[in-house]
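Read top to bottom, the protein sequences are chains A and B. Taking UniProt numbering, the leading residue of the first sequence gets 1, the next gets one more, and so forth. Taking UniProt numbering, the leading residue of the second sequence gets 1, the next gets one more, and so forth. All C-beta atoms, glycine included, are put in the ideal place defined by N, C-alpha and C.
There are 2 protein chains.
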Amino acid sequence: MSNLRRSIILASRPKGAPSADNFALDESVMPKPAEGEVLTRTLWLSLDPYMRGRMSDKPSYAPPVAIGAPMTGETVGEVVESRDPRFVPGDVVTGAFGWQSHIISAGDRLTTIPKGAPYSAYLGVLGMPGATAYAGMTEIGQVKPGETVVISAASGAVGAVAGQLAKRAGARVVGVAGNPDKCLYIQDTLGFDECIDHRAVMDLDAALRDACPNGIDVYFENVGGDLQDAVYPLMNNFGRMIMCGMVAEYNDTKTRPGPNLMDVVRKRLRIEGFIVMDKPERFVDWRALAAPWVADGSLHFREHVVDGLENAPEAFIDLLRGHNFGKLVIRVAEPSKGA
Amino acid sequence: MSNLRRSIILASRPKGAPSADNFALDESVMPKPAEGEVLTRTLWLSLDPYMRGRMSDKPSYAPPVAIGAPMTGETVGEVVESRDPRFVPGDVVTGAFGWQSHIISAGDRLTTIPKGAPYSAYLGVLGMPGATAYAGMTEIGQVKPGETVVISAASGAVGAVAGQLAKRAGARVVGVAGNPDKCLYIQDTLGFDECIDHRAVMDLDAALRDACPNGIDVYFENVGGDLQDAVYPLMNNFGRMIMCGMVAEYNDTKTRPGPNLMDVVRKRLRIEGFIVMDKPERFVDWRALAAPWVADGSLHFREHVVDGLENAPEAFIDLLRGHNFGKLVIRVAEPSKGA
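Next comes the structure, spelled out in structure tokens:
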């Protein structure tokens with residue numbers, strides 16, 4: 001093992017879309033864990049749209065990453081050195097945060113993944129995005145059989161799970177995605193009833209109306225922008241808008257106006273935001289529910305794998321453009337033999 | 001009893017603010033109740049902002065009043081003739097609808113009011129507006145002690161009850177109203193902690209920030225417009241916006257833009273609309289809870305009484321301008337002796 005730790009740090013705050021200049025590769029001396037801490041070697045790093053918010057010093061639900069500090073991100077790592085009796089070298093864990101080759105964490109924050117499990121799945125379908133879809137659909141969506149559910153970014157890490165949960169609840173599910181391959185996957189593999197390719201249609205409002213002849217009961221919002229504008233007037237009485245993210249607006253330098261809220265009164269809409277980390281029990285509940293579905297193949301997921309920590313900035317920039325297809329993960333290193 | 005029934009009918013649909021021309025007084029032959037029906041003589045008529053929606057043929061949660069048909073409105077009436085065995089002449093009931101001197105109703109829709117009760121209160125504090133405040137505060141607001149609650153149209157029929165419920169729940173309550181007399185009443189009689197006179201302040205945003213140094217946890221929305229714009233950025237994490245009405249925009253001929261919804265995600269806001277009539281049990285629950293508070297004087301209410309059915313159009317036009325002070329009711333007729 002090299003005696004250097006590699007980190008991708010935030011070099012400057014982006015104005016609009018991030019560029020490679022906003023990131024830098026840093027090498028530093030390998031840290032040593034203190035009492036109660038664990039040093040992990042990163043195997044997989046998760047890249048997710050919310051990280052755009054951490055690059056900015058605009059108000060957010062979490063403090064921004066400081067200039068010069070490592071970017072934050074969920075990882076799967078292998079324990080190298082442990083000063084927490086619950087972990088021994090070779091254990092594979094999730095819960096360590098950072099775009100880094102090695103991470104020091106409080107042992108309390110780590111969770112062991114069973115040996116041989118699909119490790120990267122713990123960053124996607126069984127990780128934060130899966131738990132996000134689960135929390136939004138169960139706590140806010142509360143889908144009933146026969147309802148129409150629209151899922152934005154439907155081939156993404158959150159959307160793919162959200163839509164499959166809606167199908168399991170008996171809904172008619174319409175996905176929205178950004179290219180024909182994604183739409184094919186959404187319909188053929190994920191089993192959604194319809195998919196709209198928002199880059200291919202001439203008139204998004206009309207396409208959505210056609211796909212939702214009975215209106216929309218539940219909307220899972222990941223993107224905002226034009227799609228939100230098209231969805232809002234089609235919401236049915238007692239409709240729910242699950243406000244998870246608005247990635248299409250994350251690079252905006254000027255705030256767009258939103259929908260007039262009179263429809264919320266007259267249609268009795270519920271528009272509600274949530275952050276999955278607010279309730280850690282959601283992760284436990286979701287893994288207990290979904291791990292068997294992943295094992296038996298009934299819950300589908302797709303990963304977009306990029307090799308090498310040094311490629312994380314470019315991959316992240318592409319993620320915000322929707323160029324990924326499936327959950328974006330960086331393969332930082334291979335597990336050691338036996339892990 | 002005269003053999004003519006007087007009705008205020010909708011003569012034409014308003015463009016923007018309603019004017020007297022949009023209404024007409026109609027006289028017609030006194031109707032006779034059919035089997036299961038009851039004829040009432042109206043004592044009190046309730047005028048409420050939602051009726052502006054019924055004058056329009058824009059989409060709403062209820063069908064519009066037809067041109068030439070009587071305007072709709074809750075009343076308290078005295079039974080004149082009954083073909084429902086549950087009612088006898090002289091009974092005082094609520095549940096009949098119409099800007100009319102006499103109304104035919106299905107007996108199933110009527111509820112008897114105890115003799116000697118403050119009849120008009122069954123149109124306000126114990127009626128639809130009171131039940132509206134109760135439903136919004138309990139089902140959506142869920143106020144916790146120490147939270148900051150802002151009430152718009154705070155001296156109005158709904159706002160006055162909503163704010164008093166928030167005080168009972170242990171909140172710090174800030175009212176917003178449109179003149180100094182209303183603000184005095186809101187603080188001195190209703191017991192709110194602060195009141196902003198939105199017509200008197202130079203800078204509504206600053207006034208609201210000053211009145212809410214800890215931000216806003218719950219907003220009871222009756223008005224929309226500039227006040228909504230001022231409230232939205234001050235909402236705290238996990239804040240609730242109880243979307244009851246937006247009277248400041250009812251006369252708009254062009255829809256205003258609303259707030260960008262990214263704050264809903266990052267602050268985990270809940271913005272939810274409701275219509276009290278969707279759940280009739282709310283009326284029963286509220287009357288059971290609040291009738292003792294009205295009887296013991298601990299729940300304050302104020303009525304703005306206008307005499308004469310023929311004055312209802314002008315009073316309604318003034319209501320939309322905020323010229324009423326307290327729950328607006330029309331005294332249509334006196335009860336007969338013994339009722």
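- Along the length of the region 189-261 of chain A, whole beta strand (DSSP E) runs at least 3 residues long occupy 194-197, 216-221, 235-243, reported in chain order.
- Inter-residue distance for residue 235(B) and residue 113(B) is about 41 Å (C-alpha atoms, whole angstroms).
- One Cα belongs to residue 46(A), the other to residue 328(A), and the distance between them is close to 7 Å.
- Per DSSP, the continuous beta strand (DSSP E) segment holding residue 273(A) begins and ends at 270-273.
- Among the CB atoms of chain A, one or more fall inside 8 Å of the CB of residue 275(B).
- Where residue 148(B) is concerned, there is no enclosing alpha helix (DSSP H), although the beta strand (DSSP E) around it starts and stops at 148-151.
- In the structure shown, residue 320(B) adopts helical secondary structure according to DSSP, grouped into three states.
- The DSSP assignment places complete alpha helix (DSSP H) segments of no fewer than 4 residues inside the region 16-87 of chain A at 51-54, in order along the chain.
- Judged by DSSP in its simplified three-state form, residue 4(A) adopts strand.
- Here residue 22(B) is buried, its C-beta having at least 16 other C-beta atoms within 10 Å.
- Cβ-Cβ distances below 8 Å link residue 62(A) to 53, 54 in the same chain, with the five nearest sequence neighbours on each side left out; the list follows chain order.
- Residue 322(A) and residue 269(B) have their C-alpha atoms some 27 Å from each other.
- Between residue 336(B) and the set 91(B), 29(B), 162(B), 64(B), the nearest pair of CA atoms involves 91(B).
- In this structure, the straight-line span from the alpha carbon of residue 263(A) to that of residue 126(B) is close to 27 Å.
- By the neighbour-count criterion, in which a residue is buried when 16 or more other Cβ atoms sit within 10 angstroms of its Cβ, residue 222(B) is buried.
- Out of 118(B), 75(B), 56(B), the CA that lies nearest to the CA of residue 67(B) is found in 56(B).
- The beta carbon of residue 26(A) is closer than 6 Å to those of 7, 9 in its chain, skipping five residues each way along the sequence.
- Close CB contacts of residue 251(B) within its chain, under the 6 Å cut and outside five residues either way in sequence, are with 16, 17 (chain order).
- The C-beta distance from residue 106(A) to residue 37(A) rounds to 6 Å, short enough to meet the 8 Å contact threshold.
- By the 16-neighbour rule on beta-carbons within 10 angstroms, residue 276(A) is buried.
- Excluding residues up to 5 positions away in sequence, 268 lie with their Cβ nearer than 6 Å to the Cβ of residue 238(B) in the same chain.
- Contact annotation: residue 259(A) and residue 258(B) have beta-carbon atoms nearer than 8 Å.
- For residue 267(B), no alpha helix (DSSP H) run applies, since DSSP gives it neither H nor E.
- Each residue's CA atom was taken as its position, placing residue 115(B) and residue 302(B) some 21 Å apart.
- Using a Cβ-Cβ cut-off of 8 Å, residue 167(A) does not count as an interface residue toward chain B, since no Cβ of chain B sits closer than that to its own.
- Under the 8 Å criterion on CB atoms, residue 244(B) is classed as interfacial with respect to chain A.
- Each of 136(B), 174(B), 41(B) was checked against the Cα of residue 89(B), and the nearest Cα belongs to 41(B).
- Under the three-state reduction of DSSP output, residue 307(B) falls in the strand class.
- Cα atoms of residue 330(A) and residue 314(A): separation of roughly 11 Å, rounded to the nearest angstrom.
- Between residue 29(A) and residue 325(A), the alpha-carbon positions lie close to 36 Å from each other.
- Along the region 72-88 of chain B, there is no position whose C-beta sits under 7 Å from a C-beta of chain A.
- Three or more pairs of CB atoms, one per stretch, sit closer than 8 Å, so the region 167-186 of chain A contacts the region 138-155 of chain A.
- With fewer than 16 other CB atoms across the displayed protein chains lying within 10 angstroms of its CB, residue 202(B) is exposed.
- Fully contained in the region 96-184 of chain A are the following beta strand (DSSP E) runs of length 3 or more, in chain order: 102-106, 148-151, 172-177.
- Among the CB atoms of chain A, none fall inside 8 Å of the CB of residue 67(B).
- In the structure shown, residue 328(A) adopts extended strand secondary structure according to DSSP, grouped into three states.
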